[in-house]
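Counting along the sequence shown from 1, when you hit position 121 you're at 112 in the numbering used here, and nothing is skipped either side. For glycine and all other residues, C-beta sits at the position ideal for the given N, C-alpha and C. First up is the structure itself, then whatever we jot down about it.
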Amino acid sequence: MKRSLVLFSLFFVTTVMYGQYGWTNAKVYLKNGETKEGEAYLPVQKVNAVTVASNERLVYRLAKKEKKERFKPEEVDSVLFFVDGRKDTYVPVYLNDKKKLQGFMQLMIDGELQLVGRTEEYASDGKAGEEDPNPWELDIPDPELKNYFNHNRLMLIKNGEILDRLKIKGFRVRAMEFFEGCDGLVQKLDSKEFTKDDFLEIVEFYNANCKIN
């Protein structure tokens, strides 16, 4: 049965207060092989309808009052944030089809098809900084899993290619092209059994029934 979309305002407010994450216990894995344990800070990125901030950085320190280090997404393999007994994993992800800009996104479901997300502040008039007034959440019965789904930007990643829910226009056609070769999933998209509001179901179906071409 299709899961409905609801707002979990408490989870969204918590995420915004963290700023995406304020200073939080973390472990940073760098692409040069180094591992840094201490505290990390990941701010909410301010964007508008056509641009994304190009100066995104993860800020790290060993402890309070210690020297801060800043890392570009290109320098980081993954980050683990330790929050309320959870381990939230963030990874660098290309934010556009041209693959020229990377940002940090939470790895919410791993597999051949991955689901990633993050919280952004944006304004449709081109002026960055206004929070999205309508963030949406997936209604998940597992209370542990609910904590992952408090973002207003979600993407699917398959074999290095991305399907961005932010680009709502023409989603069904784009998704059918994206999943070409997985006939069962294409049929569900074509019949509108799966829509842009069913990212979780799409990921579960693909990982259970399809293989990367």
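Whether residue i touches residue j by CB criterion (8 Å)
i, j, result
"valine 35", "glutamate 103", "no"
"aspartate 68", "lysine 37", "no"
"glutamate 30", "alanine 54", "yes"
"leucine 180", "alanine 166", "yes"
"tyrosine 81", "leucine 98", "yes"
"glutamine 105", "glutamate 65", "no"
"valine 19", "isoleucine 100", "no"
"phenylalanine 95", "leucine 147", "no"
"phenylalanine 72", "tyrosine 32", "no"
"phenylalanine 169", "glutamate 152", "yes"
"leucine 49", "valine 74", "no"
Three-state secondary structure (DSSP) of residue i
i, result
"alanine 54", "coil"
"lysine 89", "coil"
"aspartate 78", "Rather than aspartate, the amino acid found at residue 78 in this sequence is lysine. Three-state result, lysine 78: strand."
"glutamate 168", "helix"
"phenylalanine 185", "coil"
"arginine 48", "coil"
"glycine 161", "coil"
"glycine 175", "helix"
Where the beta strand (DSSP E) containing residue i begins and where it ends
i, result
"phenylalanine 72", "67 to 74"
"valine 107", "104 to 109"
"lysine 59", "59 to 62"
Buried versus exposed call for residue i [16 or more other C-beta atoms within 10 Å across all chains shown]
i, result
"aspartate 174", "exposed"
"lysine 90", "exposed"
"lysine 149", "buried"
"valine 164", "exposed"
"asparagine 46", "exposed"
"arginine 61", "exposed"
"alanine 245", "Nothing can be reported for residue 245: it is not among the residues displayed for the chain, which extend from -8 to 204."
"glycine 108", "buried"
"arginine 144", "buried"
"asparagine 141", "buried"
"aspartate 88", "exposed"
"aspartate 79", "buried"
Sheet register partners of residue i (DSSP bridge)
i, result
"asparagine 16", "Glu30"
"glutamate 152", "Lys149"
"lysine 37", "Glu112"
"glycine 24", "In DSSP, glycine 24 forms no bridge with anything."
"leucine 98", "Val107"
Span of the alpha helix (DSSP H), counted from its first residue to its last, around residue i
i, result
"glutamate 192", "190 to 200"
Proximity test, Cβ basis, 8 Å: residue i and chain B
i, result
"lysine 37", "The structure shown contains no chain B; it holds only a single protein chain."
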